[in-house]
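Heads up: the structure comes next, in structure tokens.
In the numbering used here, the protein residues as written are 1315 to 1640.
Quick look at the structure:
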């Protein structure tokens, strides 16, 4: 017989009713148990211990009666080495491509990336089927460490040249573009006991309006009454000529209705209609000579339920500067 058992998080012991007088081949799908022959009596007495790499991971454990013969494919993974990491950057994120030589008999590879060479602060752990792994949206100018482990039914094998490391590059510059989320603010306030978020929504993910995500922007929330949710920015003496943003109900809110207004030096200069989920209003406002900009959000007149509001891509441009394309 062949039996597949599931095991979850950290160290588990798997017991299966077997004949104590028989011998069994034991192996696992992802190498958490090395292939070996065990007696039924040993399995019943000692159980089967395995260590899984992380929370919410699993492995398939197989038992096969030795009388059926040794299963095919129980060879341990062969030797392999890492290849140099490749990095790249745009104006918002850096990324990396990790590669390594193929390991004989490997069915897959486990890749772990950490911020320290002791791998105590993992930032990514994943299993891939090929010999490359792409890492998007990394922090710029950081040294990261990674290790690769080959997995087969016969066990595991770490890269022979040990862990690798790479330095993420600087972000590409955008001359003449300044994002509101990168500036100091005079003040900010949001409804529903929230704080204004820079570059992320309520849940910590990238801001998304009308199905389009953006790596830069400002998230806020309307009040239940006429109180404005404001972000106030001092721009006095700065050579800004335009303010641009795509404003709307942030997608993670799932509903709501809000209105956006732009005040310049105490006067309302631009506004959107009342916005509902799934649409965006584009602002492109001349702010030449302005001293103070207020980005204001009000509820749509029906309370503040789900009134998640976002100024997606909110930015100032100098005169003649090329705008950014998200």
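Don't be surprised by glycine CBs; every beta carbon is placed ideally from N, CA and C.
- If you ignore the 5 residues before and after residue 1403, its C-beta comes within less than 8 Å of the C-beta of 1409, 1454, 1482, 1483, 1484, 1485, 1486, all in its own chain and listed in chain order.
- Residue 1464: not part of any alpha helix (DSSP H); member of the beta strand (DSSP E) spanning 1457 to 1466, first to last residue.
- A direct Cα-to-Cα measurement between residue 1627 and residue 1528 gives close to 6 Å.
- According to the DSSP assignment, residue 1481 belongs to the beta strand (DSSP E) that extends over 1478 to 1481.
- Three or more beta-carbon pairs separated by less than 8 Å are not found between the segment 1456 to 1466 and the segment 1488 to 1508, which leaves the two stretches without contact.
- For residue 1564, the number of other beta carbons within 10 angstroms of its own is at least 16, and it is reported as buried.
- Under the three-state reduction of DSSP output, residue 1377 falls in the strand class.
- Taking C-beta separations shorter than 7 Å and ignoring five residues to either side along the sequence, the partners of residue 1524 in its chain run 1562, 1592, 1593, 1594, following chain order.
- Sorting 1382, 1596, 1573, 1344 by C-alpha distance to the C-alpha of residue 1587 places 1573 at the top.
- For the pair residue 1354 and residue 1333, the CB atoms are nearer than the 8 Å cut-off.
- DSSP places residue 1344 outside any alpha helix (DSSP H), giving it a letter other than H or E.
- Taking the Cα positions, residue 1533 is about 12 Å away from residue 1610.
- Cβ contact annotation for residue 1393 (same chain, cutoff 6 Å, sequence separation greater than five): 1474, in chain order.
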